[in-house]
């Protein structure tokens, strides 16, 4: 089970690259500070990404309602222990 | 002879003929009747008009099917995977006895009044979308669409759970005609080998089962005796029907509409998916149809009497099957209870599955909704690739194809490959996660 922030950042970046491959668009350069709210990733991609993060960590930071996040690092931070 | 006694009469006529092959065990008419007598004797000292049969053994199923006509005892068939529900079932039907594998009979501690008239066969729904319900059928309605009297001896492949509606139909058909039903083993290659060895002539299965069998190599030459393939339990899509036609050019291929609640209603053998639109007005085989809110409703004398514990006698049955009229055809498009809510928009997983299965190299696909805090549900696809396919290459081909066929919100955001489709106890496709 993933716990560390860095593991989660890597997991999210791998998933973002896969999303771009699935869409047949040119790969972007993703880093911890990359915003998730623009580019080729849409809201449904994000909805699926949080499902996969929940399955990988067994944590649900949205349990009590929506939580704001913008970057790859923000999202990883929500699931890090 | 009372029509409901046809089963015991047929078993007596058949003498020592094998009726069921289950693993290494061969059950003859005589052993099934002996099992029935054993159960009936054990029931004699119990005041009961309804018993539970908690067994997936074909011999127990057939023996208990003799009870309504011979001992005026209704029987509720409970598949083994619902064993934990036994206390609830005992309460609902007022059962005083339980038949267990091997024909063992136990008493229950139920002391209430049994309301069942004692001449019914009760079945449970699969319970995939909630608590399983007990469905009441008259014994004669289970016999109604069974046709016997063909000149050639048939050998049936039993792919369904023996205690399900479909399983009982196959067992009854074989037993009434004194023919053999061969229970499919676990594993598709093993099923193919057994089918060839036992010279199976009739295959009755879900489309998902057939696709997996075809992926394992099923074709005319592998099943040389096959004369009839009947698809049921799920949508028989055009692609599956066409593939079956190509691989089994000498075989009659049909799809049947049957469900636990509706009973066996009609079959279609013209090689096309859905059924003729004209049936909506004219009816077919004693069945009347109407479409309300895009959902098929049916009325038939072969349908259930009602649900146990519920006084209401059903008339029109809401099948939960969504249909669309296209040209001269009524097409099944999906199940209402499988719809996925993506950001407030409902999508049909069957639409997505069909699009994925159009891609060469895909054997099958299961699409489900996974709860997501951001969109209600996210669309997940589990895809079974053909042997030897490069996973990444196939993945790109799938997405390239479905993006041209589906709206953006229908496109799965999670796609995983799986070695095979997980089947529900009813033989229908089920998500593995």
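Residue numbers (my numbering), protein chains in the order written: chain A, 1 to 81; chain B, 1 to 433.
Beta carbons are placed, not taken as given, at the ideal position from N, Cα and C, and that holds for glycine.
The residues 206, 208, 233, 234, in chain order, have a CB closer than 7 Å to that of residue 428/B in the same chain once the five nearest residues on each side in sequence are set aside.
Assignment of residue 357/B by DSSP, reduced to helix, strand and coil, places it in the helix class. A contact between stretches requires three or more CB pairs, one per stretch, nearer than 8 Å, and the stretch 120 to 135 of chain B meets this requirement with the stretch 89 to 102 of chain B. The Cβ atoms of residue 14/A and residue 20/A lie no closer than 9 Å to each other. With respect to residue 192/B, residue 222/B sits close: the two C-beta atoms are nearer than 9 Å. Straight-line measurement puts the Cα of residue 181/B at about 14 Å from the Cα of residue 229/B.
In chain order, 340, 377 place their CB closer than 6 Å to the CB of residue 369/B, counting only its own chain and leaving out the 5 sequence neighbours on each side.
Residue pairing from DSSP places residue 53/B in a beta bridge opposite 77/B, 99/B.
Among the bridge pairs identified by DSSP, residue 275/B is matched with 330/B. In this structure the stretch 348 to 367 of chain B does not touch the stretch 34 to 49 of chain A; the number of beta carbon pairs closer than 8 Å is below three.
When the beta-carbon positions are compared, residue 77/B and residue 61/B come within less than 9 Å of each other. Taking the beta carbon of residue 397/B as reference, no residue of chain A falls within 9 Å; the closest one sits roughly 11 Å away. Taking a C-beta distance under 9 Å as the contact criterion, residue 421/B and residue 358/B do not qualify as a contact pair.
Inter-residue distance for residue 168/B and residue 153/B is about 19 Å (C-alpha atoms, whole angstroms).
For residue 70/A, the nearest beta carbon of chain B is not closer than 9 Å to its own beta carbon. Straight-line spacing of the CA atoms in residue 163/B and residue 404/B works out to 43 Å. When the beta-carbon positions are compared, residue 72/A and residue 9/A come within less than 9 Å of each other. Distance between residue 189/B and residue 211/B, taken at the CA atoms: about 13 Å. Judged by pairs of C-beta atoms under 8 Å, the stretch 129 to 144 of chain B does not touch the stretch 15 to 32 of chain B, as fewer than three such pairs exist.
Burial is judged here by how many other beta carbons sit within 10 angstroms of a residue's own beta carbon; residue 4/A has fewer than 16 and is exposed. Note on geometry: alpha-carbon atoms of residue 63/A and residue 411/B lie some 26 Å from one another.
Only 42, 43 from the stretch 26 to 43 of chain A bring a Cβ to less than 8 Å from some Cβ of chain B. Short of 7 Å from the beta carbon of residue 17/B, and not among the five residues preceding or following it, lie these beta carbons of its own chain, in chain order: 28, 29, 178.
Judged by DSSP in its simplified three-state form, residue 108/B adopts coil rather than helix or strand.
Between residue 135/B and residue 264/B, the C-beta gap is not smaller than 9 Å, which leaves the two residues out of contact.
DSSP assignment within the stretch 157 to 216 of chain B yields the following whole alpha helix (DSSP H) runs of 4 residues or more, N-terminal first: 165 to 177, 188 to 197, 207 to 215.
Taking 7 Å as the upper bound on Cβ-Cβ separation, chain A lies near residues 370, 372, 373, 374, 375, 378 of the stretch 354 to 386 of chain B. Taking the Cα positions, residue 63/B is about 10 Å away from residue 53/B.
For the stretch 246 to 273 of chain B, the set of residues with a beta-carbon nearer than 8 Å to any beta-carbon of chain A is empty. Setting aside the 5 residues that flank it on each side, residue 33/A is surrounded in the same chain by 71, 72, 73, each with a C-beta closer than 8 Å to its C-beta; the list follows chain order.
The Cβ-Cβ distance between residue 347/B and residue 402/B does not fall below 9 Å. By the neighbour-count criterion, in which 16 or more other beta carbons inside 10 Å mark a residue as buried, residue 349/B falls on the buried side. For residue 285/B, the three-state secondary structure derived from DSSP is coil.
Here residue 281/B is exposed: its Cβ has fewer than 16 other Cβ atoms, across all protein chains shown, within 10 Å. Contact of residue 49/A with chain B is assigned, a C-beta pair being separated by under 9 Å. By the Cβ test, the stretch 288 to 295 of chain B is not in contact with the stretch 249 to 259 of chain B, since fewer than three Cβ pairs between them sit closer than 8 Å.
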